[in-house]
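A.B. asks: Take the position in the sequence shown, starting the count at 1, then add 90; the result is the number in my numbering.
For every residue, glycine included, the Cβ atom is placed at its ideal position computed from N, Cα and C.
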Amino acid sequence: INDPKSNRSDISAAASDMLLIANKLSPENPKQILANILGPLRRALQEERRSFWRDDPTLESQIVRTLALVMSKLGMHAEAVAVCDEALQIHPDDPVALTFRGFVNFQQNPAAAQADFWRAVELQAPLVAPYLALTFPLLANGDYSAVLALCDQALRLNDRDDPRVKAWLFEA
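#1: If you draw a straight line from the alpha carbon of LEU247 to that of ALA170, how long is it in whole angstroms?
#2: Which same chain residues end up closer than 7 Å to ARG209 when comparing Cβ atoms and leaving out the 5 residues on each side of it in sequence?
#3: So, helix, strand or coil for ASP242, using DSSP?
#4: From what residue to what residue does the alpha helix (DSSP H) around THR225 run?
#5: Buried or exposed: where does ASN195 fall if 16 or more other Cβ atoms within 10 Å of its Cβ makes it buried?
#6: List the endpoints of the continuous alpha helix (DSSP H) containing GLY129.
#7: When you compare each of ARG155, GLU150, MET161, GLU138 to GLN122 by their alpha carbons, which one comes out closest?
#8: Have a look at ALA125 and LEU164 and give me their C-alpha separation to the nearest angstrom.
#9: Taking the straight line between their C-alpha atoms, what separation do you get for PRO185 and VAL211?
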């Protein structure tokens, strides 16, 4: 991942894998792993944005998602939000970037997170996360019909047969 000759797609995939591993470690241990993938992810994002030929139109979104999560886990909240903001300046209707900016803002700015999650749902996000995140305040307010509508929409837009999707929505 630190090889300057690595292509941005390989860097993104390796960083995503390392992030999954880091999440399984005790809270003190992943910091070094996350710090090590920060630079290559930044480089991959710069290269992707400068690239004239884009083999994978979703690669920038994947890199932004991973970079924002890594920054957030390292306590770099403002930087993580800025990465998502930059992505949304380029692609204002990217439901994935909106979802991940919502994640980054969830603890520090819940109102902004809610707005991002609602916008991602409005754009028919291909992720279960914004739908699920929105169910909790609706449940707290007793708005069960809105919760069911969100769950139904998430099932329509995502893989109905994926047991994880059903499990996540069942938790709501």
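C.D. replies: Based on what the coordinates show:
#1: Taking the first residue of the sequence shown as position 1, residue 247 is located at position 157. Taking the first residue of the sequence shown as position 1, residue 170 is located at position 80. The straight-line gap from Cα to Cα measures roughly 27 Å.
#2: Here residue 209 refers to the residue found at position 119 when the sequence shown is read from its first residue. Hits under 7 Å: LEU188.
#3: Counted from its first residue, the sequence shown places residue 242 at position 152. If DSSP states are grouped into helix, strand and coil, ASP242 belongs with the helices.
#4: Taking the sequence shown and counting its residues from 1, one reaches residue 225 at position 135. Annotation for THR225: the continuous alpha helix (DSSP H) segment containing it runs 219 to 230.
#5: Here residue 195 refers to the residue found at position 105 of the sequence shown. Buried, because 16 or more other Cβ atoms sit within 10 Å of the Cβ of ASN195.
#6: What you label residue 129 is simply residue 39 of the sequence shown in a count that begins at 1. Segment 120 to 140, the alpha helix (DSSP H) holding GLY129.
#7: For this step, residue 122 is matched to residue 32 along the sequence shown. For the residues ARG155, GLU150, MET161, GLU138, the minimum Cα distance to GLN122 belongs to MET161.
#8: Residue mapping note: residue 125 aligns to position 35 of the sequence shown, counting from 1. Residue mapping note: residue 164 aligns to position 74 of the sequence shown, counting from 1. Distance from the CA of ALA125 to the CA of LEU164, rounded to the nearest whole angstrom, comes to 8 Å.
#9: Taking the first residue of the sequence shown as position 1, residue 185 is located at position 95. Taking the first residue of the sequence shown as position 1, residue 211 is located at position 121. Distance between the alpha carbons of PRO185 and VAL211 is about 8 Å.
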